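Have a look at the structure below, then the notes.
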Amino acid sequence: VPTRFTVLGSGSGGNASYLETEQTRLLIDAGLSGRQIRLRLAQLGRSPETLDGILLTHEHADHTQGLKALCTKLKIPVYCNRLTADEMRFKMQTKLEICQFVTGEPFEIGDVVVENFPVPHDAQDPVGFHVKTADGGIGMLTDLGQATRLV
Numbered sequence: 012v013p014t015r016f017t018v019l020g021s022g023s024g025g026n027a028s029y030l031e032t033e034q035t036r037l038l039i040d041a042g043l044s045g046r047q048i049r050l051r052l053a054q055l056g057r058s059p060e061t062l063d064g065i066l067l068t069h070e071h072a073d074h075t076q077g078l079k080a081l082c083t084k085l086k087i088p089v090y091c092n093r094l095t096a097d098e099m100r101f102k103m104q105t106k107l108e109i110c111q112f113v114t115g116e117p118f119e120i121g122d123v124v125v126e127n128f129p130v131p132h133d134a135q136d137p138v139g140f141h142v143k144t145a146d147g148g149i150g151m152l153t154d155l156g157q158a159t160r161l162v
């Protein structure tokens, strides 16, 4: 199965993308309503029940709107750094299964390696992602205030 990447929504109305490899299914951000994420995944013949995790770039609502609906029911792990995790716990007032990563340090989920890097934006500790798969890599960067040398 080749790597599949689909943008489900982008912009101030909500950001969410779907990444699928042979073994791993991820959302990058969940800024649409839980209902919209379900509908858009269904259009791909997919379901949130099969997600292995949600990668969060930062805590703003246009990146997190659907988290509570998806994660409390389905127990989908949320991957984010410590400052974003702290903000999400405070905002959501619900128990999320959070898998914390250290900004700048790669981590693995299934058959992918997720690299992350800081980006300038008005959030606690916003990041972009570079996801390495067997087929290559996919970079995901949102809300970039300005391009830095690292970007």
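Residues in the sequence shown are numbered from 12 upward in steps of one, following the numbering used here.
Quick reminder that beta carbons are idealized off the backbone N, C-alpha and C, glycines included.
All values derive from a computational prediction rather than experimental measurement.
Euclidean distance between Cα positions of residue i and residue j
{"i": "proline 13", "j": "glycine 150", "result": "17 Å"}
{"i": "leucine 94", "j": "leucine 55", "result": "33 Å"}
{"i": "glutamate 60", "j": "leucine 85", "result": "6 Å"}
Counterpart residues of residue i in DSSP-defined beta bridges
{"i": "phenylalanine 16", "result": "Leu30"}
{"i": "alanine 41", "result": "Ala27"}
{"i": "phenylalanine 128", "result": "Gly139"}
{"i": "cysteine 110", "result": "Tyr90"}
{"i": "methionine 151", "result": "Phe140"}
{"i": "leucine 66", "result": "Ile39 and Tyr90"}
{"i": "isoleucine 120", "result": "Val123"}
Close beta carbons around residue i, own chain, < 8 Å, minus the five adjacent residues each side
{"i": "threonine 83", "result": "Thr105, Lys106 and Leu107"}
{"i": "glutamate 119", "result": "Val125"}
{"i": "serine 58", "result": "Arg49 and Leu52"}
{"i": "glycine 20", "result": "Asn26, Ala27, Gly42, Leu43, Gln47 and Arg51"}
Proximity below 9 Å, CB of residue i to CB of residue j
{"i": "alanine 27", "j": "glycine 42", "result": "yes"}
{"i": "aspartate 146", "j": "threonine 32", "result": "yes"}
Own chain, CB closer than 6 Å to residue i, minus 5 neighbours either side, in chain order
{"i": "proline 117", "result": "Val124 and Glu126"}
{"i": "cysteine 110", "result": "Pro88 and Tyr90"}
{"i": "glycine 77", "result": "Ala41, Leu43, Ser44, Gly45 and Ile48"}
{"i": "arginine 36", "result": "Thr61, Leu62 and Asp63"}
Given residue i as reference, the closest of the options once Cα atoms are compared
{"i": "aspartate 136", "options": "Thr61, Met103, Gly22 and Leu67", "result": "Leu67"}
{"i": "glutamate 70", "options": "Gly148, Thr144, Leu30 and Gly139", "result": "Gly139"}
{"i": "glycine 121", "options": "Leu81, Lys102, Pro129 and Thr144", "result": "Thr144"}
{"i": "serine 23", "options": "Ala72, Val113 and Phe112", "result": "Ala72"}
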